[in-house]
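Student:
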Amino acid sequence: MSDIQSRRNLAYVRTEQVPAMPAPMSASGPVGWMRENLFPTPLNGLMSLIFGALLLYVVWITLDWSVFKAVWSGEDRSACIGDGAHGACWAMARAKFGQWMYGFYPFTERWRVNVVAIVGLLALVPMMMPSLPYKRINGIFLLGIYPILTLILLTGGHFDIGLSTWLTVGAFVAAIVIPILLLGFVAKIIEPVIAMVASAAIVAGVALLLIIMSIDFGLPFVETSKWGGLLLTLVVAVTGIVASLPIGILLALGRRSNMPIVKMFSVAFIELWRGVPLITVLFMASVVLPLFLPPGTSFDKLLRALIGVALFSSAYMAEVVRGGLQAIPKGQTEAAQALGLTFWQNMGLITLPQALKLVIPGIVNTFIGLFKDTVLVGIIGLYDLLLIVQAANTDQKWVAPQTHSTGFFFAAAVFWIFCFGMSRYSMFMERQLDTGHKN
Amino acid sequence: MKRTLLSLALGTAVSLAGISAASAGTLDDVKAKGFIQCGVSQGLIGFSNPDDKNNWTGLDVDFCRAVAGAVFGDGQKVKFTPLSAKERFTALQSGEVDILSRNTTWTMGRDTSLGLVFAGVTYYDGQGFMVKKSLGVDSSLKLDGASVCTQTGTTTELNLADYFRANNMKYEVVAFEKADEVIAAYDSGRCDVFTTDQSGLYAERLKLKNPDENVVLPEIISKEPLGPVVRQGDDAWFNVVKWTYFALLNAEEAGVTAANAGDMMANSTDPGVRRLLGVEGDFGKAIGLENSWAANAIKAVGNYGEMFDRNVGPETNLKIGRGVNALWNKGGIQYAPPVR
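If you read the protein sequences in the order shown, they are chains H and V. Per this note's numbering, residue 2 is the first one in the first sequence, and the count goes up by one each step. Per this note's numbering, residue 270 is the first one in the second sequence, and the count goes up by one each step.
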């Protein structure tokens, strides 16, 4: 014991490890990183220099145009001509900003759009964060209550619901409810009690919806032709996105179905809509459809475009989802069947969750494509963000050499923010749901 | 205003807005629904565009307001449908708009084969030339040897060739695909002359770095009469639109303005003015309107000269002179039959 003790006291034996020296400057820190990544070989170094210079140049001219030489304030175009003609004309953007956001929505009613946007954000952000609770309630709010709230706030509600409306809607409801009741009481495929409850719920829901629609909340009516700018772009994009996913999933399932009529219908639908350009669809909806409708019939132009966009993107979505379904091995379905799961249980619990997870990049790709395709509605006279930005160039008060480019720069920035946001969120979701497929 | 859920949500509409293309009742339909649906351009400087305050402004827009004034006595009872060039005629044929006031050139083909009819010429346009002031040219006949910027594949290019050949002048064409490229090339000095429709020249001039250093030459070398269009076979409505236009011209000729129309109605002794303003005769009733129809149209937008000056005239940024659009007795070709 004392032997060891005495050895510890020896001065030339270290009691602890020597602290590691920091790596040499040439291998760590910014210098090391650059050596490793930018200048590992002479050729790579040269490339880095060339592309670095190019990048700096692009950044410089962009900043120079959009910031240093830009005109920030002014009453009219005189600020942006002559000496001011070399940089962005933000004075114009400031004067037009409200119009770019809301379109021709009346000034005094713009708060309604703000309410819709804020409520939407407050509901959507917690929905998008996986760690937060109350997903079910939030989902019901977002998909059930929020669209009605939006419709009433944006248009003003107080629809004139007459007898003919009740009869038409009643016919639609009957077309859904009667088969359910028949299936329940005659064919006995569904439990009679469930059929009764479902039918009652549908009837009550539709009636409640119509009554809410007809209530006068004292909001002035704002027709859809007054919607425009970012508001219109978002209405078209969000409607298309929200509608295309469920319809697309149903079409994808239909296309893989063994039932010949369902299969044929799905294939025909998908191939028809994928086979025509979106511009053609919009033209048909805007210009040709009114020629077919009986005289005296009018049909909201925005609604026509919305339906066209939603059906068009559904066809694309169907093919993306089908790609995911095909990637799921047959053994999964067979195992589910062996456990006694029904078709819908299998789809809802086993196959679709895996398939959709696999095709997140494809789904978001379609969403982003759809978001950018919304600018095509400009061709049928709807003032989306891009068209309303261009309208500044035909305003005598503001037209100047840089008006066009400033507007486009703004529109590009807005589109980029939305698309980049969607893209990043999809990558986040992929990581969240990654359960061992990634290498 | 009637709000139908159906027209919004289901599309099977009960709205009164619909008009059959074949029926002869646009005027009655317009009166019943209480406003005029007017098809305008999606954006054309001086002719139709939305301003900062969300109001539509421009010559084409004001003409629709004048018609609304004539029909309702209120120039604000009009709704504007912005239309692209491709959908404009179908929109009129299908009854989506009641009147198309969208810088549309009156040609025989359009007038005879589309089931539409032109009600007048609110602006005589035509191809012109713009040069730098420093060139010291005051007439397009002095452009011998000039290089001319133009757009490829348009009639502009053909007119240009014809004009220079007919006048025995040499020229060099510098053609581009897009209108923006043409104006940029002209601005950077790649050519001496820029040619397109004259109203377009004035508009494009605003996009130059130094607009005031450029001048539009007075000559017009082609015919582009722009005017409002209505459906064929609907004579009552056609008359209303046509005579609203004539009333604005007659008002300018007689010196009736938006400001003095009321005063003239009460005090004028000129029989022509009294007939125009509906103090004498039943001319308004004859076309299915109030006798004060013309006075109401003038009160809504002013006479033709006021409308022109407010939207495109010398006091605006466009600075377009009256030129051929002056009245017939002032050296132009704007001429209206009398109200008698």
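Using N, Cα and C, we set each Cβ at its ideal position, and we do this for glycine too.
Could you check whether the Cβ of R78(H) sits closer than 8 Å to any Cβ belonging to chain V?
Tutor: Yes, R78(H) counts as interfacial toward chain V.
Student: Listing by chain order, which chain H residues have their CB less than 7 Å from the CB of G384(V)?
Tutor: Neighbours of G384(V) on chain H: none; closest Cβ ~12 Å, over 7 Å.
Student: DSSP puts P319(V) in a beta bridge; with which residues?
Tutor: DSSP, once it has assigned bridges, lists W325(V) as partnering P319(V).
Student: Whose C-alpha, out of K264(H), C81(H), D161(H) and T234(H), is nearest the C-alpha of V376(H)?
Tutor: V376(H) has its Cα closest to that of T234(H), out of K264(H), C81(H), D161(H) and T234(H).
Student: With a CB to CB cut of under 8 Å and the five nearest residues on each side skipped, what residues in its chain are close to F142(H)?
Tutor: Around F142(H): A124.
Student: Are at least three pairs of beta-carbons, each pair with one atom in the segment 568-579 of chain V and one in the segment 460-471 of chain V, less than 8 Å apart?
Tutor: Touching, no, given that fewer than three Cβ pairs across the two stretches are closer than 8 Å.
Student: DSSP three-state call for V386(V): helix, strand or coil?
Tutor: Note: V386(V) maps to strand in three-state DSSP.
Student: With distances taken between CB atoms, is the gap from G571(V) to T526(V) smaller than 8 Å?
Tutor: Contact flag set, yes.
Student: Contact criterion: CB-CB distance below 8 Å. Does T421(V) meet it with respect to chain H?
Tutor: T421(V) does not count as touching chain H.
Student: Considering just the uninterrupted stretch of the beta strand (DSSP E) at N372(V), what are its terminal residues?
Tutor: I368 to T374 is the span of the beta strand (DSSP E), which, as asked, contains N372(V).
Student: Please confirm whether L369(V) and R357(V) have their CB atoms less than 8 Å apart.
Tutor: Yes.
Student: May I ask you to list, following chain order, the residues of the segment 312-334 of chain V that have a beta carbon less than 7 Å from some beta carbon of chain H?
Tutor: Of all residues in the segment 312-334 of chain V, G312, L313, I314, G315, N318, P319, D320, D321 and N323 have a Cβ within less than 7 Å of some Cβ in chain H.
Student: In chain V, which residues lie less than 8 Å from V68(H) when you measure between Cβ atoms?
Tutor: Here the premise fails: no neighbours, minimum Cβ distance about 20 Å.
Student: Let me know if G158(H) comes out buried or exposed under the rule of 16 or more other beta-carbons within 10 Å of its beta-carbon.
Tutor: That one is buried.
Student: To the nearest angstrom, report how far apart S427(H) and N586(V) are at their CA atoms.
Tutor: Each residue's Cα considered, the two are about 49 Å apart.
Student: With DSSP collapsed to three states, give me the class of N580(V).
Tutor: Helix at N580(V).
Student: Going along the chain, which residues of its own chain have a beta-carbon closer than 7 Å to the beta-carbon of G379(H), five neighbours each way excluded?
Tutor: Within the same chain, G379(H) has close Cβ partners D385, L387 and L388.
Student: Is W597(V) buried or exposed, if buried means 16 or more other CB atoms sit within 10 Å of its CB?
Tutor: Burial call: exposed.
Student: Which residues in chain V have a C-beta closer than 7 Å to the C-beta of F105(H)? List them in chain order.
Tutor: Going along chain V in sequence order, the residues near F105(H) (Cβ under 7 Å) are P319 and N323.
Student: Classify P43(H): buried if its beta carbon has 16 or more other beta carbons within 10 angstroms, exposed otherwise.
Tutor: Counting Cβ neighbours within 10 Å, P43(H) comes out exposed, since fewer than 16 surround it.
Student: To the nearest angstrom, report how far apart K411(V) and A301(V) are at their CA atoms.
Tutor: Distance between the alpha carbons of K411(V) and A301(V): 57 Å.
Student: Pull up the CB-CB distance for A89(H) and Q403(H), whole angstroms please, since I reckon it's below 8 Å.
Tutor: Confirmed, about 6 Å.
Student: Within 10 angstroms of its Cβ, does A291(V) collect 16 or more other Cβ (buried), or is it exposed?
Tutor: Note that A291(V) scores a pLDDT of 43, beneath 50, so its modelled location is shaky and nothing firm can be said.
Student: At least one CB of chain V closer than 8 Å to the CB of Q338(H): is that the case?
Tutor: No - not a single Cβ of chain V is within 8 Å of the one on Q338(H).
Student: According to DSSP, which residues form a beta bridge with R591(V)?
Tutor: Paired residues: none, contrary to the question.
Student: Examine the Cβ distances between the segment 371-389 of chain V and the segment 476-485 of chain V and report whether three or more of them are shorter than 8 Å.
Tutor: No, because fewer than three Cβ pairs between the segment 371-389 of chain V and the segment 476-485 of chain V fall closer than 8 Å, the two stretches do not touch.
Student: Less than 8 Å between CB atoms is the rule here; does S74(H) satisfy it with respect to chain V?
Tutor: It does not; no Cβ of chain V falls within 8 Å.
Student: Only counting the same chain, and skipping five residues up and downstream in sequence, which positions put a Cβ closer than 6 Å to that of K346(V)?
Tutor: F304 and A337.
Student: By the criterion of Cβ-Cβ separation under 9 Å, what are the contact partners of V288(H) in chain V?
Tutor: Ordered by position in chain V, the residues that pass the 9 Å Cβ test against V288(H) are K355, E356, T359, A360, S363 and E365.
Student: On a Cα-Cα basis, can you pick out the residue from L312(H), D77(H), G145(H) and K358(H) that is closest to W399(H)?
Tutor: The residue with the shortest Cα to Cα distance from W399(H) is D77(H).
Student: So what's Q345(V) in DSSP terms, helix, strand or just coil?
Tutor: Residue state, collapsed to three classes: coil.
Student: So P540(V) is in the alpha helix (DSSP H); what residue range does that whole segment cover?
Tutor: Unbroken alpha helix (DSSP H) run through P540(V): P540 to L545.
Student: Who does K401(V) pair with in a DSSP beta bridge?
Tutor: For K401(V), which the question treats as bridged, DSSP gives the partners N483(V).
Student: Rounded to whole angstroms, what's the CA-CA distance from N45(H) to L39(H)? Just pull it up for me.
Tutor: Taking the straight line joining both Cα atoms gives about 7 Å.
Student: Is G382(H) close to chain V? Criterion is C-beta to C-beta, closer than 8 Å.
Tutor: It does; some Cβ of chain V falls within 8 Å.
Student: In chain H, which residues lie with their C-beta within 8 Å of the C-beta of K214(V)?
Tutor: A question about residue 214(V) goes unanswered here, because the residues of chain V that appear run from 270 up to 609.
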